Amino acid sequence: MIRRLAKYVVALCLAWQSSGALAQELNCVVEVNSKKIEGSSNSVFNTLQEAMSDYMNETKFSNATFSNVEKIDCRLYLTVSEYTDDRITGDLQVQLSRPVYNSGYTTTLLNFKDTRVSFEYREGDPLIFNETTIDNNLTAILNYYAYLFLALDFDSFSPKGGQIFYDRAASIVQAAQSLGEIGWKAFEDPKNRSGVLTSFTNPSTSAMRQLLYDYHRKGLDEMVSSPDKGRAEITKSLSALETVYKADPMSAALSIFRDSKMDELVNVYSKSPETERDAVYKLLQPLYPAEHERLNKIRKGEENN
55 MIRRLAKYVV ALCLAWQSSG ALAQELNCVV EVNSKKIEGS SNSVFNTLQE
105 AMSDYMNETK FSNATFSNVE KIDCRLYLTV SEYTDDRITG DLQVQLSRPV
155 YNSGYTTTLL NFKDTRVSFE YREGDPLIFN ETTIDNNLTA ILNYYAYLFL
205 ALDFDSFSPK GGQIFYDRAA SIVQAAQSLG EIGWKAFEDP KNRSGVLTSF
255 TNPSTSAMRQ LLYDYHRKGL DEMVSSPDKG RAEITKSLSA LETVYKADPM
305 SAALSIFRDS KMDELVNVYS KSPETERDAV YKLLQPLYPA EHERLNKIRK
355 GEENN
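In my numbering, the protein residues as written are 55 to 359.
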């Protein structure tokens, strides 16, 4: 973990460039579920799964170097709902996790379902990485999430440390809009790929990026050696959610935080003082009014769960 932290500092000091000689960054598990498609051969979906896995795990997306044990853990789970004339449509569950310092615990940074996924794929088509040209919607989607994974991960180790990766993801969003595919246009859906990126990069809601660092590096990473100190930093970091909510109650970052962190927060505050639990409950309840069960667990603590 210490070596990994050092690598983030070094990487931020390097110029953005392609790198053909440095180790790849991602450890990505890819699954393609085609159970909804009747009467089709599984071979095309098996080939697609293998191609996506090879692409995510063999493409070098940055100039940062990672050993095998330092790679960023992520997951893509594609559920296919339609398959006609080489066009595959479905939804893509994306998940990103991060180790917590000096522990065996991993925490979720991103848990998001992209419901606007559609692309053409013929069995055996090669997936080719091109940093400057976007002419294939599948590789555009994969590139986008690779850079989003890197951006969120780097932000969690260094204050707004993922900027170069957000910039690269923004370039992909802009270029991909010319493809005429769903999921890329700014006003199509506040929770599509464009909306997710905007929720972290728009100045009015970018407090989420500081939360990523404060919650993880100053909070969770400190809890192993000093639970009260680390938890206090997490509590402070949650005020960013109010800032984002006031600026944009429909921000995708708010629902991403809920889906990624609510269960973890129940555990974090299970043994905390009542005053702290009450404060967190009062902060989160107006933001997530439908989360009665989990918010009540936070309010009551371990003794009443």
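Built from N, CA and C at the ideal position, the CB exists for glycine as well. Computed from a predicted structure; not experimentally measured.
Ser-248 sits away from Phe-254, with the two beta carbons spaced by 8 Å or more.
Using a Cβ distance threshold of 8 Å, Ala-307 and Val-298 count as a contacting pair. By alpha-carbon distance to Asn-156, the top candidate from Asp-332, Leu-266, Val-278 and Ser-116 is Val-278.
In summary, Thr-193 is buried, with 16 or more beta-carbon neighbours lying within 10 Å of its beta-carbon over all protein chains present.
In this structure Gln-264 is in contact with Ala-294, their Cβ atoms being roughly 6 Å apart against a cut-off of 8 Å.
Annotation: Val-84 to Gln-103 spans about 6 Å, alpha carbon to alpha carbon. Counting other Cβ atoms within 10 Å of its Cβ, Met-304 stays below 16 and is therefore classed as exposed. Within the DSSP bridge table, the entry for Leu-146 names Leu-132 and Asp-168 as partners.
Between the stretch 169 to 176 and the stretch 218 to 232, the count of C-beta pairs closer than 8 Å stays below three; the two stretches do not touch. Glu-356 counts as exposed, since fewer than 16 other beta carbons sit within 10 angstroms of its beta carbon. The Cβ neighbour count for Val-148, taken over all protein chains shown within 10 Å, is at least 16; the residue is labelled buried. Cβ-Cβ separation between Arg-152 and Asp-207: approximately 6 Å, consistent with a contact (criterion under 8 Å).
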